[in-house]
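S.K.: This structure is in structure tokens; I'll ask about it shortly.
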Amino acid sequence: MSQTRLYLQAPRALAVRIYDLLEQAFEEDGLALSICVADEADDVHEVSVYALDQASDVKARINAVLEAIPETPEIAEEVLPEIDWVAHSLQGLHAVRAGRFLVHGAHERHRRRSGDIAIEIDAGQAFGTGHHGTTSGCLEMIEQVVGREDPRNALDLGTGSAVLAVALAKLRPMAVLATDIDATATGVARQNVRLNAVFNRVRVATAPGFHHPEIARRRPFDLIVANILALPLMRLAPAMARHLKHDGSLILSGILERQRRAVIAAYAGQGFRHVTTLSREGWVTIHMKR
1 MSQTRLYLQA
11 PRALAVRIYD
21 LLEQAFEEDG
31 LALSICVADE
41 ADDVHEVSVY
51 ALDQASDVKA
61 RINAVLEAIP
71 ETPEIAEEVL
81 PEIDWVAHSL
91 QGLHAVRAGR
101 FLVHGAHERH
111 RRRSGDIAIE
121 IDAGQAFGTG
131 HHGTTSGCLE
141 MIEQVVGRED
151 PRNALDLGTG
161 SAVLAVALAK
171 LRPMAVLATD
181 IDATATGVAR
191 QNVRLNAVFN
201 RVRVATAPGF
211 HHPEIARRRP
221 FDLIVANILA
231 LPLMRLAPAM
241 ARHLKHDGSL
251 ILSGILERQR
261 RAVIAAYAGQ
271 GFRHVTTLSR
281 EGWVTIHMKR
């Protein structure tokens with residue numbers, strides 16, 4: 001599928017303001033945004049929005065957002081070649097450490113050290129390589145929570161690449177159900193579960209939210225990990241309460257720092273208490289208990 005980059009250039013202060021406005025506008029769409037220095041000497045910064053399809057609609061939405069800013073720069077377009085960008089980008093990614101976990105590609109197996117819990121994640125069309133602040137934050141929180149509570153029945157909701165499900169299964173001998181709404185993601189997840197030799201502990205299923213017979217059969221869970229987005233997490237709070245044991249734990253991520261209080265409030269209304277928060281690169285991972 002071709003991709004169109006819609007971009008504009010502006011001085012740093014204006015570019016940052018535009019980026020913040022666009023980030024809020026496209027927060028729920030899953031579109032990639034970036035900001036970078038185009039010319040440091042002349043203080044030129046570039047803001048980009050990447051559209052998979054309907055670039056004209058996305059451009060119209062960008063223009064609508066920028067109406068509040070006088071003298072906004074012109075939006076340019078660039079059609080990008082059809083490249084497997086995940087595979088292409090992972091070639092240059094280095095192994096990531098998060099607590100005892102080492103997340104790496106096949107080309108970085110040599111970085112494994114004695115005592116590492118190694119998770120091999122190669123290129124695939126699913127979120128979660130360990131490099132994003134939400135994933136690394138979840139891995140660190142998983143190590144802390146599992147070390148204290150020793151859960152035996154866990155759910156990884158919105159599993160993506162299954163990196164978190166694999167981490168759970170490698171950390172303790174527990175049963176893990178890994179679900180995602182996207183069938184492509186669950187296909188990648190199954191490959192990674194086999195690659196990491198935890199197929200006897202991890203079951204992968206395609207499911208929207210909590211709607212799957214396997215979820216109903218396995219509930220209540222000792223631990224639920226959900227690395228998705230703030231608004232879906234808030235909507236899922238009542239269902240989380242129904243599917244978690246009375247003394248169970250939640251690990252929630254995919255949450256911007258400015259969204260933290262709203263997420264905690266949504267879960268407090270369902271009888272959860274906040275335990276701790278980890279902050280990584282502007283994102284937070286929250287541990288809550290019933």
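Residue numbers (the working numbering): 1 to 290. C-beta: ideal position from N, C-alpha, C; glycine also.
Who are the Cβ neighbours of Arg273 in its own chain at under 7 Å, not counting the five residues just before and after it?
M.R.: Here the set comprises Met288 and Lys289.
S.K.: Assuming Arg260 and Thr276 are in contact, meaning their beta carbons sit under 8 Å apart, how far apart are those beta carbons, in whole angstroms?
M.R.: In fact, because the Cβ distance is near 12 Å, the residues do not count as touching under 8 Å.
S.K.: Going straight from the alpha carbon of Arg100 to that of His107, what length do you get?
M.R.: Roughly 20 Å between the two C-alpha positions.
S.K.: Let me know if Glu78 comes out buried or exposed under the rule of 16 or more other beta-carbons within 10 Å of its beta-carbon.
M.R.: Answer is exposed; the Cβ neighbour count stays below 16.
S.K.: How far does the alpha helix (DSSP H) with Ala169 in it extend, from its first residue to its last?
M.R.: It spans Val163 to Leu171 - the alpha helix (DSSP H) in which Ala169 sits, taken as one unbroken run.
S.K.: With the cut-off set at 8 Å, would you say Gly133 and Glu281 are in Cβ contact?
M.R.: Their beta carbons are under 8 Å apart, which means Gly133 touches Glu281 by this criterion.
S.K.: Candidates Glu214, Asp53, Tyr267 and Arg217: which alpha carbon is nearest Ala239's?
M.R.: Nearest option by C-alpha distance: Tyr267.
S.K.: Would Gly248 be called buried (16 or more neighbouring beta carbons within 10 Å of its own) or exposed?
M.R.: Classification of Gly248: buried, given that the 10 Å Cβ count is 16 or more.
S.K.: Using a Cβ-Cβ cutoff of less than 6 Å, which residues in the same chain neighbour Ala76 once the five nearest sequence positions on both sides are dropped?
M.R.: The answer, listed in chain order, is Tyr7.
S.K.: Around the Cβ of Ser34, are there at least 16 other Cβ atoms within 10 angstroms (buried) or fewer (exposed)?
M.R.: Exposed, by the Cβ-count rule.
S.K.: By Cβ distance below 6 Å, which residues in the same chain neighbour Thr285 in space, the five residues on each side in sequence not counted?
M.R.: Same-chain partners within the cutoff: Gly137, Cys138, Met141, Ser253 and Leu278.
S.K.: Applying the criterion that 16 or more other CB atoms from any shown protein chain within 10 Å of the CB defines a buried residue, is Phe221 buried or exposed?
M.R.: Looking at its Cβ environment, which holds 16 or more other Cβ atoms inside 10 Å, Phe221 is buried.
S.K.: Do you know offhand how far Ala55's Cα is from Leu195's?
M.R.: When rounded, the distance between both Cα atoms is 37 Å.
S.K.: Are the CB atoms of Val47 and Ala15 nearer to each other than 8 Å?
M.R.: A contact, by the Cβ cut-off of 8 Å.
S.K.: Quick one: using the 10 Å Cβ neighbour count with 16 as the cut-off for buried, is Val146 buried or exposed?
M.R.: Counting Cβ neighbours within 10 Å, Val146 comes out buried, since at least 16 surround it.
S.K.: For Ala167 versus Leu223, is the C-beta spacing smaller than 8 Å?
M.R.: Not in contact: Ala167 and Leu223 (Cβ atoms no closer than 8 Å).
S.K.: Does the beta-carbon of Pro173 have 16 or more other beta-carbons within 10 angstroms, so that it is buried, or is it exposed?
M.R.: It is exposed - the Cβ of Pro173 has fewer than 16 other Cβ atoms within 10 Å.
S.K.: Do the CB positions of Val176 and Ala165 come within less than 8 Å of each other?
M.R.: Yes, these two residues count as a Cβ contact at 8 Å.
S.K.: On the CB-based measure, 16 or more other CB atoms within 10 Å of its CB, does Pro11 come out buried or exposed?
M.R.: Exposed is the call here.
S.K.: Thr184: buried (16+ other C-beta within 10 angstroms of its C-beta) or exposed?
M.R.: It counts as exposed.
S.K.: Among residues of its own chain, excluding the 5 on either side of Phe199, which ones have a beta-carbon nearer than 6 Å to its beta-carbon?
M.R.: Contacts found: Val193.
S.K.: To the nearest angstrom, report how far apart Ile62 and Gly269 are at their CA atoms.
M.R.: So the two alpha carbons sit approximately 36 Å from each other.
S.K.: Helix, strand or coil, according to DSSP, for His110 in the structure here?
M.R.: Three-state DSSP puts His110 in a helix.
S.K.: Can you give me the C-alpha to C-alpha distance between Arg17 and Cys36, rounded to a whole angstrom?
M.R.: If you take the alpha carbons of Arg17 and Cys36, they lie about 13 Å apart.
S.K.: So, Gly271 versus Ala226, is the Cβ gap smaller than 8 Å?
M.R.: No. Outside cutoff.
S.K.: Between the C-alpha atoms of Asp20 and Glu27, what's the straight-line distance to the nearest angstrom?
M.R.: Roughly 10 Å between the two C-alpha positions.
S.K.: Compare the C-alpha of Glu40 against each of Leu31, Gln9 and Ala51 and name the closest.
M.R.: Comparing Cα-Cα distances from Glu40 to each of Leu31, Gln9 and Ala51, the minimum goes to Gln9.
S.K.: With 16 as the cutoff for other CB atoms within 10 Å, does Asp29 come out buried or exposed?
M.R.: Exposed is the call here.
S.K.: Do you know whose CA, among Arg258, Ile264, Glu257 and Leu256, lies nearest Leu250's CA?
M.R.: That would be Ile264, whose Cα lies nearest to the Cα of Leu250.
S.K.: My parser needs the alpha helix (DSSP H) runs of 4 or more residues fully inside the stretch 44–87; what are they?
M.R.: For the stretch 44–87, whole alpha helix (DSSP H) runs of length 4 or above, ordered along the chain, are 55–66.
S.K.: Measuring straight from C-alpha to C-alpha, what distance separates Glu120 and Ile181?
M.R.: About 23 Å.
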